[in-house]
Amino acid sequence: MKKIFLFCLPYAGGSSVIYTRWKPLLGPGIELVPLELAGRGRRINESYYENVDAAVNDLLPVVEPYLDKDQTAFFGYSMGSLIAFELIHRIREKYGQSPLHFFAAARMAPHIQRTEPPLHGLEPELFKTKIAELGGTPPQLFENSELMNLFLPLLRADFRLVETYAYTEKAKLDCAMTVLAGKRDKVEETDVLDWKRHTTGAFTAHSFDGGHFFINDFQKEIVDILHASLGIRTSSFYA
Numbered sequence: 050m051k052k053i054f055l056f057c058l059p060y061a062g063g064s065s066v067i068y069t070r071w072k073p074l075l076g077p078g079i080e081l082v083p084l085e086l087a088g089r090g091r092r093i094n095e096s097y098y099e100n101v102d103a104a105v106n107d108l109l110p111v112v113e114p115y116l117d118k119d120q121t122a123f124f125g126y127s128m129g130s131l132i133a134f135e136l137i138h139r140i141r142e143k144y145g146q147s148p149l150h151f152f153a154a155a156r157m158a159p160h161i162q163r164t165e166p167p168l169h170g171l172e173p174e175l176f177k178t179k180i181a182e183l184g185g186t187p188p189q190l191f192e193n194s195e196l197m198n199l200f201l202p203l204l205r206a207d208f209r210l211v212e213t214y215a216y217t218e219k220a221k222l223d224c225a226m227t228v229l230a231g232k233r234d235k236v237e238e239t240d241v242l243d244w245k246r247h248t249t250g251a252f253t254a255h256s257f258d259g260g261h262f263f264i265n266d267f268q269k270e271i272v273d274i275l276h277a278s279l280g281i282r283t284s285s286f287y288a
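Counting from 50, one number per residue, gives the positions in the sequence shown under my numbering.
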């Protein structure tokens, strides 16, 4: 059986570990490849990325060995969607290859300019307050000064990466695209749906009754969407 290699990229402050929970849920036709970004997880001692382009330059050699194998797909969550989008374009420019499918979750389309003030330059206490308001960070983390001293610089660097991103006009992708949005997310659902203008392939949208981090509460539902979109039959999905 041919495998589909599914590359997954995390949200700001997240690591590849957020996707390991999917392993027991995924069908045998999908090989999960969580991409570890610099400065976290297994790569905690490495320098943070200055911008999206630096992230793409770093991740491209990791993905390249898979391009001669079976089909590929990409799943990005929030910041991860942005990096995945630019990485897919880089692969297409360099190798003329496109993935089977691109999944973009909890992220407005890349051409839409941010209107809210940037957070990455705020002084530490105000930055912590804004992060707490976004949700998704365990309250006990804010109570542990040692962990916060490790976590906040990473989060600040990730926010800088996202907030300084400047979209440049590109040829449309030709792969199928699925977007996922939280109904109670501050990211407007209409802005998520605007990803449609970035592909000539089939476009599908799904919404969840959750906030920005709906990935934590709808793991099985998201994996079921992956299976259906990638044509993977599983007993749990087709029961």
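For glycine and all other residues, C-beta sits at the position ideal for the given N, C-alpha and C.
| request: Indicate the three-state DSSP secondary structure (helix, strand or coil) for phenylalanine 257 in the structure shown. | output: Reading the sequence shown from its first residue, position 208 is the one you call residue 257. Secondary structure of phenylalanine 257 (DSSP, three-state): strand.
| Three or more C-beta pairs below 8 Å linking the segment 146-157 and the segment 120-130 | Cβ pair count under 8 Å is three or more, so yes.
| said: What does the Cβ neighbour count give for proline 188, buried or exposed, with the cut at 16 atoms within 10 Å? | reply: Here residue 188 refers to the residue found at position 139 of the sequence shown. Burial state of proline 188 is exposed, judged by a 10 Å Cβ sphere holding fewer than 16 other Cβ atoms.
| query | Straight-line CA distance for leucine 131 to valine 211? | reply | In the sequence shown, residue 131 corresponds to position 82, counting from 1. In the sequence shown, residue 211 corresponds to position 162, counting from 1. The straight-line gap from Cα to Cα measures roughly 8 Å.
| said: Tell me which residues share the same chain as phenylalanine 191 and place their Cβ nearer than 7 Å to its Cβ, disregarding the 5 neighbours each side in the sequence. | reply: As a first step, residue 191 must be located in the sequence shown, where it is residue number 142. Same-chain partners within the cutoff: Lys177, Ala181, Met197.
| request: Mind checking who valine 66 pairs with in its DSSP beta bridge? | output: Within the sequence shown, the letter at position 17 stands for residue 66. Per DSSP, none; premise fails for valine 66.
| message | Rounded to whole angstroms, what is the Cα-Cα separation between tyrosine 98 and lysine 118? | response | Here residue 98 corresponds to residue number 49 of the sequence shown, with the count starting at 1. Here residue 118 corresponds to residue number 69 of the sequence shown, with the count starting at 1. Near 28 Å, if we compare the C-alpha coordinates of lysine 118 and tyrosine 98.
| message | Quick check on the DSSP output: the beta strand (DSSP E) that includes leucine 81 runs from which residue to which? | response | Reading the sequence shown from its first residue, position 32 is the one you call residue 81. For leucine 81, the uninterrupted beta strand (DSSP E) run begins and ends at 79-83, by DSSP.
| field | C-alpha gap between lysine 219 and arginine 141, whole angstroms | value | In the sequence shown, the residue the question calls residue 219 occupies position 170. In the sequence shown, the residue the question calls residue 141 occupies position 92. If you take the alpha carbons of lysine 219 and arginine 141, they lie about 11 Å apart.
| Is it buried or exposed for tyrosine 287, if we count other Cβ within 10 angstroms and need 16 for buried? | The residue given as residue 287 occupies position 238 in the sequence shown. Note that tyrosine 287 has pLDDT 37, beneath the 50 cutoff, so the model's placement of it is unreliable and no number is given.
| task | Pull up the distance between the alpha-carbon of aspartate 223 and that of arginine 246, whole angstroms please. | result | For the purposes of this step, residue 223 is taken as the residue at position 174 of the sequence shown. For the purposes of this step, residue 246 is taken as the residue at position 197 of the sequence shown. Rounded to whole angstroms, aspartate 223 to arginine 246 spans 11 Å at the Cα level.
| query | In terms of DSSP beta bridges, what is methionine 226 paired with? | reply | Taking the first residue of the sequence shown as 1, we reach residue 226 at position 177. For methionine 226, the beta-bridge partners assigned by DSSP are Phe151, Phe252.
| Contact check, isoleucine 292 vs leucine 116, beta carbons under 9 Å | Outside the shown range of the chain (50 to 288) lies residue 292, about which nothing can therefore be said.
| query | In terms of residues, what are the limits of the alpha helix (DSSP H) holding glutamine 162? | reply | Sequence index remark: in the sequence shown, residue 162 carries index 113 (1-based). Judged by DSSP secondary structure, glutamine 162 falls outside any alpha helix (DSSP H); it is assigned neither H nor E.
| task | Report yes if the CB atom of methionine 128 is closer than 9 Å to the CB atom of aspartate 258, and no otherwise. | result | The sequence position of residue 128 within the sequence shown is 79, counting from 1. The sequence position of residue 258 within the sequence shown is 209, counting from 1. No.
| Cβ of histidine 247 within 8 Å of any heavy atom in the ligand GDP? | The ligand content of the structure shown is nil, which means the ligand GDP is not present either.
| query | Could you give the uninterrupted runs of the alpha helix (DSSP H) lying entirely in the segment 77-135, keeping only those of 4 residues or more? | reply | Scanning the segment 77-135 for uninterrupted alpha helix (DSSP H) segments of 4 residues or longer gives 101-112, listed from N- to C-terminal end.
| With distances taken from CA atoms, which of Tyr144, Ile161, Leu108, Trp71 is nearest leucine 136? | Working through the sequence shown from its first residue, we reach residue 136 at position 87. Of the candidates Tyr144, Ile161, Leu108, Trp71, the one whose C-alpha sits nearest the C-alpha of leucine 136 is Leu108.
| field | N- and C-terminal bounds of the beta strand (DSSP E) containing phenylalanine 176 | value | Sequence index remark: in the sequence shown, residue 176 carries index 127 (1-based). Careful: phenylalanine 176 lies outside any beta strand (DSSP E), inside the alpha helix (DSSP H) at 173-183.
| task | Run the CB neighbour count on leucine 75, radius 10 Å, all protein chains shown included, and call it buried at 16 or more, exposed below. | result | Start at 1 with the first residue of the sequence shown, and residue 75 comes out as number 26. It counts as buried.
| said: Under DSSP, the alpha helix (DSSP H) around leucine 199 begins and ends at which residues? | reply: If you number the sequence shown from 1, residue 199 lands on position 150. Unbroken alpha helix (DSSP H) run through leucine 199: 194-212.
| message | Using only the alpha-carbon positions, how far apart do phenylalanine 262 and glutamine 146 sit? | response | Within the sequence shown, residue 262 is the residue found at index 213, counting from 1. Within the sequence shown, residue 146 is the residue found at index 97, counting from 1. So the alpha carbons of these two residues sit roughly 31 Å apart.
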